[in-house]
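**Student:** Starting off with a structure, shown below.
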Amino acid sequence: MSTLERKKDFKKTIGAEDLRKRREEVTVELRKGRRDDGVARKRHDTRGGFGEADGVNDSDRMDDGASGSGSQQLGGGQTGSGGRVSHSPVYLEGMQARIDNVSSDVAALTHPEESVRLEATVRLRKLLSIERNPPIHELIRAGAVPKLAMLLHGHASPALQFEAAWALTNIASGTSEHTRVVCDLGAVPALVRLIDSPHSDVREQAVWALGNIAGDSAKCRDLVLSYGAVEPLAAALLNPATRPAMMRNATWAVSNLCRGKPPPRP
Numbered sequence: 147m148s149t150l151e152r153k154k155d156f157k158k159t160i161g162a163e164d165l166r167k168r169r170e171e172v173t174v175e176l177r178k179g180r181r182d183d184g185v186a187r188k189r190h191d192t193r194g195g196f197g198e199a200d201g202v203n204d205s206d207r208m209d210d211g212a213s214g215s216g217s218q219q220l221g222g223g224q225t226g227s228g229g230r231v232s233h234s235p236v237y238l239e240g241m242q243a244r245i246d247n248v249s250s251d252v253a254a255l256t257h258p259e260e261s262v263r264l265e266a267t268v269r270l271r272k273l274l275s276i277e278r279n280p281p282i283h284e285l286i287r288a289g290a291v292p293k294l295a296m297l298l299h300g301h302a303s304p305a306l307q308f309e310a311a312w313a314l315t316n317i318a319s320g321t322s323e324h325t326r327v328v329c330d331l332g333a334v335p336a337l338v339r340l341i342d343s344p345h346s347d348v349r350e351q352a353v354w355a356l357g358n359i360a361g362d363s364a365k366c367r368d369l370v371l372s373y374g375a376v377e378p379l380a381a382a383l384l385n386p387a388t389r390p391a392m393m394r395n396a397t398w399a400v401s402n403l404c405r406g407k408p409p410p411r412p
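Each residue of the sequence shown is one higher than the one before, starting from 147 at the first, in the numbering used here.
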């Protein structure tokens, strides 16, 4: 029997390169799954607005997007068997009405009175926090992203910065296309600056948003790196006064900045 004929009797083995590629694909899928789980928990965060979490344990605050027991969802839905959340018809009708009012709320983001801007931002943030199919595309189409990005700047109150950063976090947690819109419309440099905010809630929310963005793709990761996110993140990690929640968020964001193919430049 010839060598060629003998080879036919053996199963074709998987080469080392193929095995490596398969491992990378599985790893990416696992990371995406964990990211989606974290995003879902973040959407259902039952905290109130800026500063309302003061006085509670760090584990009850911005802890990887967890919302305590997980049984209470935004909007008063009830968790049934299998962990699915059901909402009343009244709630669903009210949510549809809020979706219909997206354009007016987006327009209010540039209102001369800050209280009006803040109320509109909170409404949009809550709208983006619904469990299934949040209206990210509708908000993008209405022009919300550049206006929310403008609210991150220093002239805005910390409460407004916090709510705007939270809304942008939820937009960036959608599809890769949604994340690119957040990148392309100027939110990243403002979010990087907010890592040095004197307000802990604002800092944590900015880091969460940047972690979402950096974890989407190598291009988004490199954009975050280009605006110098590593230095303030490292400072937060080295600061003994940093809260545990911020420490976890910053560690997660840094890990996303170190991942992806091709690897980031040194």
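Every residue, glycine too, gets a C-beta built ideally from N, C-alpha and C.
Report back the beta-carbon spacing between residue 306 and residue 290 to the nearest angstrom; my notes put them in contact at under 8 Å.
**Tutor:** A Cβ-Cβ separation of about 14 Å leaves residue 306 out of contact with residue 290 under the 8 Å criterion.
**Student:** Among the residues of its own chain, which have a CB less than 8 Å from the CB of residue 382, if the five just before and after it don't count?
**Tutor:** 341, 349, 353, 388, 392, 393 and 396
**Student:** Among residues of its own chain, excluding the 5 on either side of residue 330, which ones have a beta-carbon nearer than 6 Å to its beta-carbon?
**Tutor:** Excluding residues within five positions, none has a Cβ falling inside 6 Å.
**Student:** Is the separation between the beta-carbon of residue 257 and that of residue 286 shorter than 8 Å?
**Tutor:** No; because the gap between Cβ atoms is not below 8 Å, this pair is not in contact.
**Student:** If you compare alpha carbons, which of 335, 357 and 368 is closest to residue 292?
**Tutor:** Nearest option by C-alpha distance: 335.
**Student:** Could you spell out where the alpha helix (DSSP H) holding residue 330 opens and where it closes?
**Tutor:** 322-330
**Student:** Please classify residue 298 as buried or exposed, where buried requires at least 16 other C-beta atoms within 10 Å of its C-beta.
**Tutor:** buried
**Student:** Leaving aside the five residues before and after residue 400 along the sequence, list all residues of the same chain whose C-beta is less than 8 Å from its C-beta, in chain order.
**Tutor:** 376, 379, 380 and 383
**Student:** Using only the alpha-carbon positions, how far apart do residue 262 and residue 253 sit?
**Tutor:** Going by the C-alpha atoms only, they are around 10 Å apart.
**Student:** Out of 345, 278, 364 and 284, which one is the CA nearest neighbour of residue 247?
**Tutor:** With distances taken between Cα atoms, residue 247 lies closest to 284.
**Student:** Give me the Cα-Cα distance between residue 417 and residue 362, rounded to the nearest whole angstrom.
**Tutor:** It is not possible to answer for residue 417, since the shown part of the chain is limited to 147 through 412.
**Student:** Terminal residues of the continuous alpha helix (DSSP H) containing residue 357?
**Tutor:** 346-360
**Student:** Does the distance from the CB of residue 355 to the CB of residue 406 come in under 8 Å?
**Tutor:** Not a contact, by the Cβ cut-off of 8 Å.
**Student:** Which residue wins for smallest C-alpha separation from residue 304, given the options 345, 338 and 326?
**Tutor:** 345
**Student:** Between which two residues does the alpha helix (DSSP H) harbouring residue 129 extend?
**Tutor:** Past the edges of the chain, shown from 147 to 412, lies residue 129, and the structure says nothing about it.
**Student:** Around the Cβ of residue 367, are there at least 16 other Cβ atoms within 10 angstroms (buried) or fewer (exposed)?
**Tutor:** Buried: at least 16 other Cβ atoms inside 10 Å.
**Student:** Which word fits residue 321, buried or exposed, when buried means at least 16 other C-beta atoms lie within 10 angstroms of its C-beta?
**Tutor:** With fewer than 16 other Cβ atoms inside 10 Å of its own Cβ, residue 321 counts as exposed.
**Student:** What three-state label does DSSP hand residue 367 in the structure shown?
**Tutor:** helix
**Student:** Which residue's Cα is closest to the Cα of residue 311: 288, 281, 276 and 359?
**Tutor:** 359
**Student:** How about residue 313 and residue 267: are their beta carbons less than 8 Å apart?
**Tutor:** yes
**Student:** Nearest-angstrom Cα distance between residue 332 and residue 386?
**Tutor:** 32 Å
**Student:** In this structure, how does DSSP classify residue 256 when only helix, strand and coil are distinguished?
**Tutor:** coil
**Student:** Is residue 218 helix, strand or coil when you go by DSSP?
**Tutor:** Residue placement at residue 218 is flagged as unreliable, the pLDDT there being 26, under the threshold of 50; the coordinate-derived value follows with that caveat. Correct three-state label for residue 218: coil.
**Student:** Under 8 Å, do residue 275 and residue 316 count as touching if we go by C-beta distance?
**Tutor:** In this structure, residue 275 places its C-beta atom within 8 Å of the C-beta atom of residue 316.
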